[in-house]
Structure formats: structure tokens, C-alpha cells
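Protein chains: 2
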Amino acid sequence: MEFKEAKSKFIQTWGALGSQWGINKTMAQIHALLMVSPEALSMEDIMEELHISRGNTSMNLRSLMDWGIVFKEYKPGERKEYFSAESNIDELARKIAKERSRREIKPTLRVLKDISTIEANESNEAVHFKAKTEELYDFVSRADTMLEKVTEHKENWITKTIVKLMT
Amino acid sequence: MEFKEAKSKFIQTWGALGSQWGINKTMAQIHALLMVSPEALSMEDIMEELHISRGNTSMNLRSLMDWGIVFKEYKPGERKEYFSAESNIDELARKIAKERSRREIKPTLRVLKDISTIEANESNEAVHFKAKTEELYDFVSRADTMLEKVTEHKENWITKTIVKLMT
DNA sequence: AAAAAGTTTCATTAATTTTTGAAAGTTTAA
DNA sequence: TTAAACTTTCAAAAATTAATGAAACTTTTT
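Residue numbers (the numbering used here), protein chains in the order written: chain A, 53 to 219; chain B, 53 to 219.
Shown next, in the form of C-alpha cells:
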């Protein structure tokens, strides 16, 4: 396989992965492209490489910047804006995890907490509901905390945890 | 909030969460409904509760069974099929993680490995590409292994890991 | 073996999501 | 202050994904 083919394959794969994870395909593709580009790219560059419109490029770049995983760069003496991706992969994972927690897990936890407070001395059905949603709350809450721990620090989390448990 | 309202809210929330994670809304809603039902439900029950068609119900139930998180049940003396959800939440998480790894992460790893083998003595661009995709392969690979470790066993993984590290 | 009770499939329709492109908006330079 | 260079927005169109429902299929009962 030569470079061009590999590059295109990478962009397609990253895009497909993105859509399976609830991120739109173009957004993931732009991110993939920027990740493997040694230099920051202009909007024109991106449009041309991915064959997408200006509007589409603009909106998805904005989303990527909202996620904190793509940055604007200005080249001295140039008016055009250039874009580059977070280059540290651990940092990338950290930001994605943090953002998904904030946007999805936290709101879900709020709902779960809320609905598990129903008075359940009525029916069997209500008792079971309350038990199940409480259990789910605990689980999701634990998972979220763990995710936070794993991603909050750049340093090795396991080591820290062990030290903490042993002292 | 009384029971009916809470139940409906739970089903909506779980459905929304599903679609953010690449699972179709109805599938997640059926799963939510079965999770909070103390008894197994028939297709009729599900159709009625969620206001969806027979075909839709049938296909999404099949998907849920393919994921291994919903089961068919037969009641003695009854011809109808009943459905129930995996009731252990740890087990549920385990199965989802395993399935997503198999369907999404593993294929991505294969592609990453494949494309990072290009001969990169040509351009700066190709050198950077090779380095980046290799780095990504290592990261995803590590993450997948960790996920496997966390979910492979029902027992507390942390404890085991610590014990292993200390001996 | 035919009817009854139930389930699955899949072409068509509906809903949702994404993309386009042209107009409006900004900023810089002359 | 106005023209040029560039970016953003958003209504409409296109593409994708999900849902319907009727016909086909399966299994059980009589």
C-alpha cells in the first residue's frame, strides 16, 4: 500500500468509527485528516481533500473546536485561518471522555436520581422500577467516577490508586 | 412524580442515550422497558407500551438478542413468546463492552495495523502519518486490553490487578 | 390437512440527519 | 470608506436511517 491509499483508508475508517459512536462522519473525517497532517490546514485544504462544501467544513470545524480537540492557528503575515488537531493522544482521549461525561452521562445521572425517588409502596411494578433505577444510578455513577479518575490526570492512574490504597 | 411518569421518562432518557451512542432509539427503549418490567413481556405488550409497529418490534428484539442482552422466554401452556432483559447490570455492561470491542474496536485495530506498515522514507508527510497511526494503534490497543480486563471477569478487577502487581 | 396463533421479512413510506450553496457577516488592507 | 479576502449562517435539498404494515412464513392445535 502506498501513502495516498493508506491515508484515504485511515480517513474513511475514522469516519465510520465516528458515526458508530454518535459523532458525525464528516466531523470525524476532518479530525482524522488534521491528525495525520504534519502542518495545520486551511479551510480550502480541507474542503478540497474531503470534497465537502465550505459550510459543512466551517460547521464541523466549529464543533471540533467546541470539543477542544482542534485549534485555530494564525500564520504570521497570512490572513487565512489554519487548523490543527490535538497531537497528544492521551490528551485527546481525556478531552473526549470529559466532554462525553459532561454532555451525556451527567444528565443521565440527574434523570436517574430524579426518577428513582418515586414513592414505591404501591405496586410490585413500582417497587421493581425503583430498585432497578437505583441500581442503574449506582452503576453509572461508579463508571463515571472511574472514567474521571482514569482520564483526569496524565500520569499513571493505577500507580496512584495503589499508593492511595496502601497508605 | 408518580410511577407512570417516571417510567416514561426513564424510557425516553435511555432511548436518547442510546442514539447518542450509535444504538437506535427504539432498540434502547425496548431494552429500557424490559429492564424495568418485573415480568417478561410479549410482543403485543411492547408494541402497545411504546406505540410501535409489529415489524419494528420484531426486528429490534432480534438485534437485542444478537447482542445477548435480551432473552426469549416461553411460559408453560402458552404459545406466545415473552421477552426479558439481562437483569444483572455488571453482566449487561460486560456484554455491551465485549460486543462493541468485537464489532468496532477490533476491526479498527486491524486497519490501523495495516496502514501503518507503509514504507515511509518518502515524504515528511508519510513519515508523520506512519508515526501517528502507529501511536494510535498502540493507544487503541491498550484501551481495548484494559476494557477486556475490566469486563472479562465479574469480580473486582482492581483488586486482582493490585494483587498481581504486588506478588 | 386445514385453520389458528403467532412471528418475520422487506418494499415502501416517513422521519431524521447531514450537506449544500448562496447570502450575510467580519476583518483587514488600500 | 470601500473593496477584497475570508468565515459563518441557515433555509432548502439530498442522503441516510428507521418505521410501517401487509404478505409470507412457522408452528401448534383441532
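Backbone N, C-alpha and C define an ideal beta-carbon position, used for all residues, glycine too.
Bear in mind the structure is a predicted one, so any value in this text is a computation, not a measurement.
Closer than 7 Å at the beta carbon, the chain B residues around residue i
i      : result
A/F62  : I167, T185
A/K59  : F181
A/E54  : I170
A/L113 : In chain order: nothing, as chain B lies at least about 20 Å away.
A/M87  : K184
Residue(s) in a DSSP beta bridge with residue i
i      : result
A/L93  : A/F135
A/K201 : Answer is none; A/K201 lacks a bridge partner.
B/F123 : B/S136
Residues near residue i in its chain [Cβ-Cβ closer than 8 Å; skip 5 each side]
i      : result
B/S193 : L161
B/S71  : K77, A80
B/M99  : S105, R106, T109
B/K127 : A92, Y134
B/L113 : I82, M95, I98, V122, F135
B/F62  : A84, V88
B/K59  : V88
Contacting residues, own chain, Cβ-Cβ under 6 Å from residue i (five flanking each side not counted)
i      : result
A/A172 : A178, V179, K182
B/M87  : A137
B/S94  : K132, Y134
B/W119 : E151
B/F55  : none
B/E174 : none
B/G67  : K77, A80, Q81
Residue-chain proximity (residue i, chain A), Cβ-Cβ < 9 Å
i      : result
B/N76  : no
B/L116 : no
B/V163 : yes
B/T65  : yes
B/T160 : yes
Helix, strand or coil at residue i [DSSP, three-state]
i      : result
A/E143 : helix
A/E130 : coil
B/E156 : helix
B/G70  : helix
B/E186 : helix
B/H83  : helix
A/I39  : Outside the displayed span of chain A (53 to 219) sits residue 39 of chain A, for which this structure offers no information.
B/N112 : helix
A/H180 : helix
A/A172 : coil
B/E100 : helix
B/M117 : helix
B/S105 : coil
B/E54  : coil
B/I75  : coil
is_contact[residue i, chain B] using C-beta, thresh 9 Å
i      : result
A/S288 : Outside the displayed span of chain A (53 to 219) sits residue 288 of chain A, for which this structure offers no information.
A/M79  : no
A/I141 : yes
Close beta carbons around residue i, own chain, < 7 Å, minus the five adjacent residues each side
i      : result
B/K150 : T203
B/L144 : I121, E138
A/W73  : none
B/N108 : T78
A/S168 : K182, T185, E186, Y189
A/L116 : M79, I82, H83, V122
B/L164 : T185, L188, Y189, V192
B/E101 : L85
Listed by chain order, chain A residues near residue i by CB distance under 7 Å
i      : result
B/P90  : N176, E177, H180
B/W119 : Those within 7 Å of B/W119 in chain A number zero; the least Cβ separation is about 14 Å.
B/K156 : For clarity, residue 156 of chain B is Glu in the given sequence; the question names Lys instead. Those are L69, Q72, listed as they occur along chain A.
B/L188 : I141
Listed by chain order, chain B residues near residue i by CB distance under 9 Å
i      : result
A/F135 : None at all; the shortest Cβ gap to chain B is about 16 Å.
Listed by chain order, chain B residues near residue i by CB distance under 8 Å
i      : result
A/F191 : I141, D142, A145
Near the ligand MG: residue i beta-carbon under 8 Å from a heavy atom
i      : result
A/K132 : In the structure on display, the ligand MG does not appear, and there are no ligands present to speak of.
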